[in-house]
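Presented below is the structure to which this report refers.
And the structure:
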């Protein structure tokens with residue numbers, strides 16, 4: 213196997229959102245933040261990426277592919293894909309680097325103790341760092357000699373309300389900081405941008421953003437800084453949808469200008485000043501003297517799946533992966549092992565881990581397998597974690613073991629045939645399922661280096677600034693798409709997708725969002741879907757294809773992105789392919805995560821097609 217090295221790098225971002233440590237006039241008073249960062253003189257206005265390159269003497273890469281992870285995903289998601297495509301590119305005489313992006317929320321992850329645990333190959337140190345307080349453990353000597361404390365976790369409201377100011381535009385500007393660095397490193401500025409799952413939305417928004425936020429002079433579009441886009445198991449977005457109403461635009465402005473920050477901080481509805489209490493029903497009076505006079509409802513700063521996913525559960529994956537390196541399928545998963553007394557284990561003592569008690573007692577591999585396997589209980593509820601990593605092995609000594617894909621044929625039950633391809637949208641899962649991701653290799657994604665597999669504090673509040681939850685009064689929308697017919701509140705909701713013209717130009721609020729360039733995107737695109745994933749048919753990529761411009765790259769000849777949306781059928785439209793700069797590749801039997809973790813073998817069409825795309829469009 214080709215040796216690939218990684219390093220994690222922080223670079224300053226031009227985005228300095230309100231209320232954020234490091235932004236002008238912001239004074240940090242939260243004791244958790246002060247403890248984690250060693251005082252108040254720190255900045256979170258940074259962009260972070262993990263650089264994967266070939267070992268040995270560094271040489272200018274022929275191209276750099278920047279990849280953005282999806283919902284609750286971290287830069288570690290791309291470790292295996294990076295290793296696969298770098299090796300394949302090298303074999304073809306093409307020097308490639310993969311830069312895996314971490315959202316700025318990654319800086320809030322207090323990983324110093326986990327880094328010590330990794331250095332000393334000690335899951336016990338990781339257990340102490342994460343949960344030792346609840347377990348009554350004596351602080352490990354290596355933690356004493358290091359930070360002399362345990363890990364810090366933030367609540368989803370008052371601890372980090374500034375995440376409400378981390379809008380989609382902030383993340384686009386963070387990505388831009390990485391793109392600009394990559395353009396100085398890659399030969400002929402050959403930089404490509406891609407994303408997995410929700411990361412395709414970050415990718416599409418970057419391409420469609422005008423980074424000239426003044427409204428004066430020529431546009432500075434994101435797509436013009438790139439050679440192409442890569443979409444992995446996510447549709448990217450579209451410019452379609454009903455025009456945004458005045459009510460929706462008012463509510464977006466009220467959220468951005470302070471209402472959402474106050475609502476997150478106080479976990480209560482707030483007017484635009486971020487202080488005045490209000491309700492939607494009485495906002496005309498409650499917020500009447502403010503502009504706009506709208507009430508913003510509370511939400512969490514970061515994403516939580518109640519009873520299933522939260523920062524402390526996600527952290528457990530890193531601990532279990534460290535254990536799996538040393539003891540993959542023998543002893544019990546350490547989070548279930550009693551520490552000095554019956555019942556004194558992390559699952560029993562840490563409330564945020566309580567839902568893990570519903571899973572079988574298992575080894576380290578068994579615990580990881582039960583949590584992320586595409587046929588497991590968790591994936592049946594949260595399909596965004598689904599990975600084809602084998603099957604449950606025998607129960608040994610009361611512990612569920614795991615059968616990795618390297619350990620013999622898979623039981624027929626885990627590789628069913630889901631039938632022929634569908635012909636209608638939204639499309640269903642089809643084809644024979646495959647087990648394509650090695651668990652023994654995947655565990656490194658969870659903890660290696662200064663990044664990891666998950667985004668503990670995946671931003672919820674900030675990206676929701678440009679989304680308005682609707683209200684239906686009787687049969688007419690009263691909030692959001694006001695005046696439209698409705699039977700449910702959801703039918704009245706509105707959001708900015710890839711076109712913010714009504715907001716950024718019509719209202720002059722380019723500081724909130726500046727998505728005005730989608731129709732001008734003229735660079736090649738390649739998209740990948742898994743037939744057992746979320747983008748199960750090529751038709752999932754039609755909306756993005758019809759939202760962007762004609763490809764003008766040297767590899768294109770003016771063929772439309774979408775040649776025929778209904779032929780041979782809506783699930784399988786006719787796309788422009790290489791000539792039109794719109795290629796769609798389906799990986800039969802792949803689950804959602806497999807597209808970035810599968811082995812590079814005969815089952816996997818992705819590395820071959822991806823490297824060919826990068827080589828063809830590098831200049």
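In this note's numbering, the protein residues as written are 213 to 831.
All residues carry an ideal CB built from backbone N, CA and C; glycine is no exception.
Note that this is a predicted model, so its numbers are computed, not measured.
Q) Any contact of the region 466-477 with the region 372-382, i.e. 3+ C-beta pairs under 8 Å? A) yes
Q: Go through the region 412-494 residue by residue and report every complete run of the beta strand (DSSP E) that reaches 3 residues or more, in order.
A: Complete beta strand (DSSP E) runs here, min 3: 440-444.
Q.
I'd like to know whether the C-beta atoms of residue 264 and residue 309 end up nearer to each other than 9 Å.
A. Result yes, Cβ atoms of residue 264 and residue 309 sit closer than 9 Å.
(Q) Rounded to the nearest angstrom, what separates residue 700 and residue 786 at their Cα positions? (A) 35 Å
Q: Along the beta strand (DSSP E) that carries residue 612, what are the first and last residues, could you check?
A: For residue 612, the uninterrupted beta strand (DSSP E) run begins and ends at 611-615, by DSSP.
Q. Which full runs of the beta strand (DSSP E) of 3+ residues lie inside the region 617-672, going along the chain?
A. none
Q.
Quick check for students: name the residue ranges of the alpha helix (DSSP H) that lie wholly in the region 235-313, counting only runs of 4 or more.
A. 243-249 and 291-303
Q: Pick helix, strand or coil for residue 762, following the three-state DSSP scheme.
A: The answer is coil: DSSP assigns residue 762 none of H, G, I, E or B.
Q | Residue nearest to residue 261 in terms of C-alpha spacing, selected from 255, 289 and 270 | A | 289
(Q) Distance check for residue 826 and residue 893, CA to CA, integer angstroms please. (A) Residue coverage of the chain in this structure runs from 213 to 831, which leaves residue 893 outside it and unanswerable.
Q. Residue 772 to residue 737, Cα distance in whole Å?
A. 12 Å
Q. Do the CB positions of residue 498 and residue 508 come within less than 9 Å of each other?
A. Not closer than 9 Å, so no.
Q) What's the call for residue 616, buried or exposed, on a 16-neighbour Cβ count within 10 Å? A) It is buried - the Cβ of residue 616 has at least 16 other Cβ atoms within 10 Å.
Q: Express the C-alpha separation of residue 781 and residue 221 in angstroms, rounding to a whole number.
A: 45 Å
Q. Over what stretch of residues does the beta strand (DSSP E) that includes residue 735 continue unbroken?
A. Counting along the chain, residue 735 falls outside any beta strand (DSSP E), and DSSP gives it neither H nor E.
Q: Give me the Cα-Cα distance between residue 484 and residue 463, rounded to the nearest whole angstrom.
A: Roughly 9 Å between the two C-alpha positions.
Q) Considering only residues of the same chain and omitting the five flanking positions on each side of residue 411, which have a CB-CB separation below 6 Å? A) Within the same chain, residue 411 has close Cβ partners 280, 281 and 282.
Q | Minimum C-alpha distance to residue 658 - residue among 570, 352, 219 and 287 | A | Cα-wise, what sits closest to residue 658 is 287.
Q) What residues are listed by DSSP as bridge partners for residue 841? A) With the chain covering only 213 through 831, there is no way to say anything about residue 841.
**Q.** Those residues which DSSP pairs with residue 784 across a bridge
**A.** 781
Q | For residue 320, the nearest candidate out of 599, 258, 336 and 813 (CA to CA) | A | 258
Q: Starting from residue 530, trace the alpha helix (DSSP H) both ways and give me its first and last residue.
A: 523-538
Q | Contact the region 629-638 vs the region 428-440: 3+ CB pairs below 8 Å | A | no
Q | residue 742 (DSSP reduced to helix, strand or coil) | A | strand
Q: Could you tell me how far apart the beta carbons of residue 340 and residue 349 are, in whole angstroms, since I believe they sit closer than 8 Å?
A: 5 Å
Q. How about the region 454-468 and the region 408-424: do they share at least three Cβ pairs that are nearer than 8 Å?
A. no
Q. How long is the line joining the alpha carbons of residue 362 and residue 597, rounded to whole angstroms?
A. 28 Å
Q: Please classify residue 346: does DSSP put it in a helix, a strand, or coil?
A: helix
Q: Using three-state DSSP, classify residue 583 as helix, strand or coil.
A: helix
Q: Could you have a look at residue 753 and say whether DSSP puts it in helix, strand or coil?
A: Note: residue 753 maps to helix in three-state DSSP.
Q) Roughly how many whole angstroms lie between the Cα atoms of residue 829 and residue 760? A) 18 Å
Q | beta strand (DSSP E) segment containing residue 589, residue limits | A | From DSSP, residue 589 is part of no beta strand (DSSP E) but of the alpha helix (DSSP H) over 589-593.
Q: Over the uninterrupted beta strand (DSSP E) stretch that includes residue 690, give me the two end residues.
A: 688-691
**Q.** Backbone secondary structure at residue 215 - three-state DSSP
**A.** coil
Q) Whose C-beta lies closer than 6 Å to the C-beta of residue 344 among residues of the same chain, with five residues either side of it excluded? A) 362
**Q.** Exposure of residue 742, with buried meaning 16 or more beta-carbon neighbours within 10 Å
**A.** buried
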